[in-house]
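A.B. asks: Protein chains in written order, with this note's numbering: chain S, 673 to 866; chain Z, 673 to 866.
Questions regarding the structure given below will be posed in turn.
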């Protein structure tokens, strides 16, 4: 069954990007340190397996327009080899890239989710960007959260869990994998009846 | 050698207490869920060992006046069986409790630290409260951070790592212990030369 998955690398102080995210600093100031576990050479075995799995299980991606704009040239492709849905206020034509398409969705997260699920097969729908993550959390639409806890303090930046407006949501840990660069903890979101 | 240790139970969204901390809610609304790993029955073996160690290694405590005021009746004693130093703006006489004393320090964190180190022997100086933690972090006075990562989203409350005004501080993980209720990660703070 398709799961909606939030999978982010987060500093100990809660940031998934540094300050001043933009073309100059795609991950914000010092934000690239959040992905040492991916870009380190040689790569730790645990980290390599987590990364492999992340790509293998992604059947569709939902991202915000800001993440799209900052990332599109950098990736030179879709961020994952899968159809990508960009939540935006201004419609535009579908963009075809080497490993997938960017489809621009103007009628909200539920519509994006429906379109993403329709193409994800038995793989996961992956969310990108703090704003999208927060919208989906508030709407109770996330099944699984994987946080790659990175042992740094960024001091400033883009917070993942901010202004959620949710109350006391219990999670269930179902896996902990550890490397020197990250502790990968996977949480199942325990759904309350609606 | 005496280490200065920050050891806190933190929700996935970064809170070490819920909202509205006070006499009615000593840990804030839903904040008691942060300590399930301590108060659960039967206690998980990993959690029990972490708790035992926490008490065994505490040689002195530094806390803020607000934590003192909220906690003193609740504890009916000092929070740990060790001399406790309360940072406050208004001096008062030392308070003698069953397992230790509360000494009130009005001349700042460095003085409190000096007094705490003088009595800690070869044990640790433990910090309590987000405000104290942040002051010590900013001053670069913390040697070790243990975060008991608790799998809940509180949505609101007292943030541990907030407004730090520090930049990109690298940590080194030196231990990860896991139970269903908490992932206990110990980080060494890598000191930069002053």
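For every residue, glycine included, the Cβ atom is placed at its ideal position computed from N, Cα and C.
Assuming residue 923/Z and residue 676/Z are in contact, meaning their beta carbons sit under 8 Å apart, how far apart are those beta carbons, in whole angstroms?
C.D. replies: Absent from the model: residue 923/Z. The displayed extent of chain Z is 673 to 866, so no value can be given.
A.B. asks: Straight-line CA distance for residue 866/S to residue 839/S?
C.D. replies: Residue placement at residue 866/S is flagged as unreliable, the pLDDT there being 49, under the threshold of 50; a coordinate-derived value is accordingly withheld.
A.B. asks: In chain order, what residues of the same chain lie with their CB nearer than 8 Å to the CB of residue 850/Z, ignoring the 5 residues before and after it?
C.D. replies: Listed in chain order, the non-local C-beta contacts of residue 850/Z below 8 Å within the same chain comprise 718 and 856, local neighbours out to five positions each way being set aside.
A.B. asks: Taking Cβ-Cβ distances shorter than 9 Å, what residues in chain Z pair up with residue 842/S?
C.D. replies: 705, 823, 824 and 825
A.B. asks: I'd like to know whether the C-beta of residue 859/Z is nearer than 8 Å to at least one C-beta of chain S.
C.D. replies: Under the Cβ criterion of 8 Å, residue 859/Z is counted among the residues facing chain S.
A.B. asks: What does residue 838/Z reach in chain S if we use C-beta pairs closer than 7 Å?
C.D. replies: 825 and 827
A.B. asks: If you draw a straight line from the alpha carbon of residue 817/Z to that of residue 832/Z, how long is it in whole angstroms?
C.D. replies: 12 Å
A.B. asks: Indicate whether at least one CB of chain Z lies closer than 8 Å to the CB of residue 685/S.
C.D. replies: Answer yes: the Cβ-Cβ gap between residue 685/S and chain Z drops below 8 Å somewhere.
A.B. asks: Would you please state the rounded distance, in angstroms, between the beta carbons of residue 735/Z and residue 814/Z? I believe it to be under 8 Å.
C.D. replies: With a Cβ gap of about 15 Å, residue 735/Z and residue 814/Z do not count as contacting.
A.B. asks: If you measure from the beta carbon of residue 855/Z to each beta carbon in chain S, is any gap under 8 Å?
C.D. replies: Output row for residue 855/Z: interface = yes.
A.B. asks: Quick one: give me the first and last residue of the beta strand (DSSP E) that residue 743/S is part of.
C.D. replies: Here residue 743/S belongs to no beta strand (DSSP E); instead the alpha helix (DSSP H) covers 737-747.
A.B. asks: To the nearest angstrom, report how far apart residue 836/Z and residue 808/Z are at their CA atoms.
C.D. replies: 10 Å
A.B. asks: Using 8 Å as the threshold, is the segment 840-849 of chain Z in touch with the segment 816-830 of chain S, meaning 3 or more CB pairs across them?
C.D. replies: Contact between the segment 840-849 of chain Z and the segment 816-830 of chain S is present, because at least three Cβ pairs lie under 8 Å.
A.B. asks: So, at 7 Å on beta carbons, what are the nonlocal neighbours of residue 761/S in its own chain, with the 5 sequence-adjacent residues on each side left out?
C.D. replies: 778
A.B. asks: Can you have a look at residue 756/S and say buried or exposed, based on whether 16 or more other CB atoms are within 10 angstroms of its CB?
C.D. replies: buried
A.B. asks: Could you list which residues in chain Z have their beta carbon closer than 8 Å to that of residue 819/S, in chain order?
C.D. replies: Chain Z residues near residue 819/S: 684.
A.B. asks: Which of helix, strand or coil does DSSP assign to residue 765/Z?
C.D. replies: coil
A.B. asks: Determine the DSSP secondary structure at residue 708/Z, reduced to helix, strand or coil.
C.D. replies: helix
A.B. asks: Is there a C-beta anywhere in chain Z that falls below 8 Å from the one on residue 866/S?
C.D. replies: Residue placement at residue 866/S is flagged as unreliable, the pLDDT there being 49, under the threshold of 50; a coordinate-derived value is accordingly withheld.
A.B. asks: One question on the structure: do residue 822/Z and residue 683/Z come within less than 8 Å of each other, judged by their Cβ atoms?
C.D. replies: yes
A.B. asks: Counting C-beta neighbours from all protein chains within 10 Å, is the total for residue 774/S 16 or more, i.e. buried, or is it exposed?
C.D. replies: buried
A.B. asks: For chain Z, is any of its Cβ atoms less than 8 Å away from the one on residue 830/S?
C.D. replies: no
A.B. asks: Could you tell me whether the Cβ of residue 863/S comes closer than 8 Å to any Cβ of chain Z?
C.D. replies: no
A.B. asks: Counting only the same chain and skipping the five closest in sequence on each side, list residues whose C-beta sits under 8 Å from that of residue 763/Z.
C.D. replies: 776 and 778
A.B. asks: When the distance is taken between beta carbons, is residue 728/S closer than 8 Å to residue 754/S?
C.D. replies: no
A.B. asks: Note down the Cα distance separating residue 726/S from residue 795/S, rounded to an integer number of angstroms.
C.D. replies: Near 10 Å, if we compare the C-alpha coordinates of residue 795/S and residue 726/S.
A.B. asks: Looking at the C-beta of residue 833/S, does it have a partner C-beta in chain Z at a distance below 8 Å?
C.D. replies: yes
A.B. asks: What alpha helix (DSSP H) runs, 4 residues minimum, are completely inside the segment 795-843 of chain Z?
C.D. replies: 802-810
A.B. asks: Just the C-alpha distance for residue 784/S and residue 737/S, rounded to the nearest angstrom, thanks.
C.D. replies: 13 Å
A.B. asks: Step through the CB atoms of chain S and report whether any lies within less than 8 Å of the CB of residue 712/Z.
C.D. replies: no
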